[in-house]
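Novice:
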Amino acid sequence: MTASLDNDGKLVVLGQFGKIHGLKGWLKLNSFTTPPENILDYPQLLAVIDQNQKTFKIDQFRRQPKGLLVHVDGYDDPESARQLTGVELSVMADTMPEPIIGEFYWHQLLGMKVVNQQAELFGQVTKLMETGANDVLVIAPTEDSLDDRERLVPYLVDTVIVAVDLDGSTIMVNWESDYLD
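Going by this note's numbering, the first residue of the sequence shown is number 282, and it counts up by one from there.
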């Protein structure tokens, strides 16, 4: 999942078109939203194709046991739909609903500094992983960090995650620097 910058703000990737399905231009849709159907709440989705921003409208969808099948307005046959395979779908970050207090979108956590309660800088969040049990922050070292280790820290609110400061771009964790040495 990648996020690209646009002139007016940040694009947030919400999904990606998969393989074509059938003879009428339907595609599998890999949704990164929870639940997966939330991607359908956006009337228009954006994609950057060959450095040009395009707008797509999903005009029909079907739930499948393994995800979503969608039809995109104007892509009515397998040949035209094939062009969309692998294309990432985004929205402008400012069009997303405000998260519940104390919750955050993953894109808000990317790039944040991570420090422990002893004020030791571990590095910066480069990605998040969904493991089933809980999400995990992947923290890469920076020039100013304590050492050059990549760390995997579970995103467990109140247990490991002490505070998230969006304005200060910092996450404080209850995590020892020598954990798992």
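We put the beta carbon where it would ideally sit given N, CA and C, even for glycine.
#1: Which ranges would you report for the beta strand (DSSP E) in the stretch 347-389 if only whole runs of at least 3 residues count?
#2: Apply the 10 Å Cβ neighbour rule to Leu-295 and answer buried if 16 or more other Cβ atoms are within range, or exposed otherwise.
#3: Buried or exposed: where does Met-393 fall if 16 or more other Cβ atoms within 10 Å of its Cβ makes it buried?
#4: Taking Ser-458 as the reference, give the member of Ile-320, Arg-430, Tyr-436 with the closest Cα.
#5: At a cut of 8 Å, does the stretch 432-449 reach the stretch 409-421 through at least three beta carbon pairs?
#6: By how many angstroms is the C-alpha of Asn-455 removed from the C-alpha of Leu-402?
#7: For Tyr-386 and Val-438, I'd like the C-alpha separation in whole angstroms.
#8: Report yes if the CB atom of Phe-342 is closer than 8 Å to the CB atom of Leu-370, and no otherwise.
#9: Please go through the same chain and pick out, in chain order, the residues whose beta-carbon is closer than 7 Å to the beta-carbon of Ala-328, but skip the five residues on each side of it.
#10: DSSP three-state call for Leu-321: helix, strand or coil?
#11: Give every residue of the same chain whose Cβ lies closer than 7 Å to the Cβ of Pro-317, excluding the five residues on either side of it in the sequence, and list them in chain order.
#12: State the start and end residues of the unbroken beta strand (DSSP E) segment that holds Gln-405.
#13: Kindly identify the DSSP beta-bridge partner or partners of Thr-336.
Specialist: With the given structure in hand:
#1: 348-353, 369-373
#2: Here residue 295 refers to the residue found at position 14 of the sequence shown. Buried, by the Cβ-count rule.
#3: Your numbering for residue 393 matches position 112 in the sequence shown. Answer is buried; the Cβ neighbour count reaches 16.
#4: Counting from one through the sequence shown, the residue named residue 458 turns up at place 177. Measuring from the Cα of Ser-458, the nearest candidate turns out to be Arg-430.
#5: yes
#6: To locate residue 402, count along the sequence shown from 1; it is residue 121. To locate residue 455, count along the sequence shown from 1; it is residue 174. C-alpha separation (whole angstroms): 12 Å.
#7: As a working note, residue 386 is residue 105 in the sequence shown. As a working note, residue 438 is residue 157 in the sequence shown. Going by the C-alpha atoms only, they are around 14 Å apart.
#8: Start at 1 with the first residue of the sequence shown, and residue 342 comes out as number 61. Start at 1 with the first residue of the sequence shown, and residue 370 comes out as number 89. No, the Cβ-Cβ distance between Phe-342 and Leu-370 is not below 8 Å.
#9: The residue given as residue 328 occupies position 47 in the sequence shown. Taken in chain order, the residues that qualify are Lys-335, Phe-337, Val-368, Glu-369, Leu-370, Ser-371.
#10: For the purposes of this step, residue 321 is identified with residue 40 of the sequence shown, where counting begins at 1. Helix, per DSSP.
#11: Locating residue 317 in the sequence shown gives position 36, counting from the first residue. Correct list, in chain order: Gly-348, Leu-349.
#12: Here residue 405 refers to the residue found at position 124 when the sequence shown is read from its first residue. Start and end: 402-411.
#13: In the sequence shown, residue 336 corresponds to position 55, counting from 1. Per DSSP, Leu-327.
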